[in-house]
DNA sequence: TAGGTGTACTATGTCGGGTAGTACACCTTG
DNA sequence: CAAGGTGTACTACCCGACATAGTACACCTA
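Chains as they are written, first to last, in this note's numbering: chain A, 1 to 126; chain B, 1 to 126.
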């Protein structure tokens, strides 16, 4: 269900968060569907339970999931909407990146082609 | 000459590297122009000399600058070319970002507009 | 010779990430 | 009721990256 790279610069708990968010956005994890328990996921990924909890706790704070003590963690009703609104902030990263590439003399057409290709693939796979 | 944010998540030495690279790409630091000395820059930015040296050492390893012991550090002849080639790897980051935004349902036109605006501004300022 | 330059080295402190272990409260199931 | 699963909280510890502090060396120029 998850692919974790312990050698990555990116913290494990962030990798978990990103992958869970993508599962929600793709619809593979619908609203109210139950997430793997902290302990089971800990065993499956050979990761400390505290690391899993850190990821779950962050998602819970942001309203992506909700937890019921004694029962488990579940995807929030409007998780996808929250994520979509949150993703909009990534447009700033896009601007920063485009600015760097423009500065390096990489032609605008090259960036446009990149994006067009990505959206074409997404449009097909979805 | 430099703006350093000690509170940033990004390490100080990386901030230095990025700003120096941009000065080279914009042509404000031509080939063979001398960089501020480790000690003077250390005083100016209130940063430990070791941190400055770490940045310089990294740039030297990558062929962006060259150092002459007893004299100083200078911009390499083909620094701009090296940086432009290196920047091309950022296109992967662009793809990753576009993929995320596509997944979040942000329309392609919005990304295209972003990039077009950036390149328009760059075209004017240069 | 004096002062500036890059370079190297050790020691120290801080912080984030991660692990280890324990404990508690809750719910479901037998 | 008892057992086992669930989320949650807490302390302690380790490790690496980052940064600082201080010292020292070799080099070049004025």
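Each residue gets a CB set at the ideal place from its N, CA and C atoms; glycine is no exception. Just so it is clear, the structure is predicted and the values come from calculations on it, not from any experiment.
Cβ atoms of residue 83 (chain A) and residue 104 (chain B): under 9 Å apart, would you say? Within the second chain, the letter at position 104 stands for residue 104 (chain B). Within the first chain, the letter at position 83 stands for residue 83 (chain A). Taking 9 Å as the Cβ cut-off, residue 104 (chain B) and residue 83 (chain A) qualify as a contacting pair.
Are the region 47-55 of chain B and the region 48-68 of chain A touching by the rule of at least three beta carbon pairs closer than 8 Å? no
For residue 21 (chain A), count neighbouring Cβ atoms within 10 angstroms of its own Cβ and tell me buried if that reaches 16, exposed if not. For the purposes of this step, residue 21 (chain A) is taken as the residue at position 21 of the first chain. When all chains shown are included, residue 21 (chain A) counts as buried.
By the criterion of Cβ-Cβ separation under 9 Å, what are the contact partners of residue 105 (chain A) in chain B? Numbered from its first residue, the first chain carries residue 105 (chain A) at position 105. Within chain B, the residues near residue 105 (chain A) are 25, 80, 84 and 87.
Within chain A, partners of residue 94 (chain B) - CB distance below 8 Å: Here residue 94 (chain B) corresponds to residue number 94 of the second chain, with the count starting at 1. Ordered by position in chain A, the residues that pass the 8 Å Cβ test against residue 94 (chain B) are 94, 97, 98, 101, 111, 114 and 115.
Beta-carbon contacts of residue 98 (chain B) that lie in its chain and below 7 Å, excluding the five residues immediately before and after: Within the second chain, the letter at position 98 stands for residue 98 (chain B). The answer, listed in chain order, is 111.
Is DSSP giving residue 65 (chain A) helix, strand or coil here? Residue numbering aside, residue 65 (chain A) sits at position 65 when the first chain is read from its first letter. Strand at residue 65 (chain A).
Is the separation between the beta-carbon of residue 72 (chain B) and that of residue 19 (chain B) shorter than 9 Å? Translated into the one-based positions of the second chain, residue 72 (chain B) becomes position 72. Translated into the one-based positions of the second chain, residue 19 (chain B) becomes position 19. For residue 72 (chain B) and residue 19 (chain B), no; Cβs fall outside 9 Å.
Rounded C-beta distance between residue 87 (chain A) and residue 5 (chain B)? I'm assuming under 8 Å. For the purposes of this step, residue 87 (chain A) is identified with residue 87 of the first chain, where counting begins at 1. For the purposes of this step, residue 5 (chain B) is identified with residue 5 of the second chain, where counting begins at 1. Residue 87 (chain A) to residue 5 (chain B), Cβ: 25 Å. No contact.
When you compare only the Cα positions, how much space is there between residue 119 (chain B) and residue 43 (chain A)? Residue mapping note: residue 119 (chain B) aligns to position 119 of the second chain, counting from 1. Residue mapping note: residue 43 (chain A) aligns to position 43 of the first chain, counting from 1. Cα to Cα, the separation comes out at about 49 Å.
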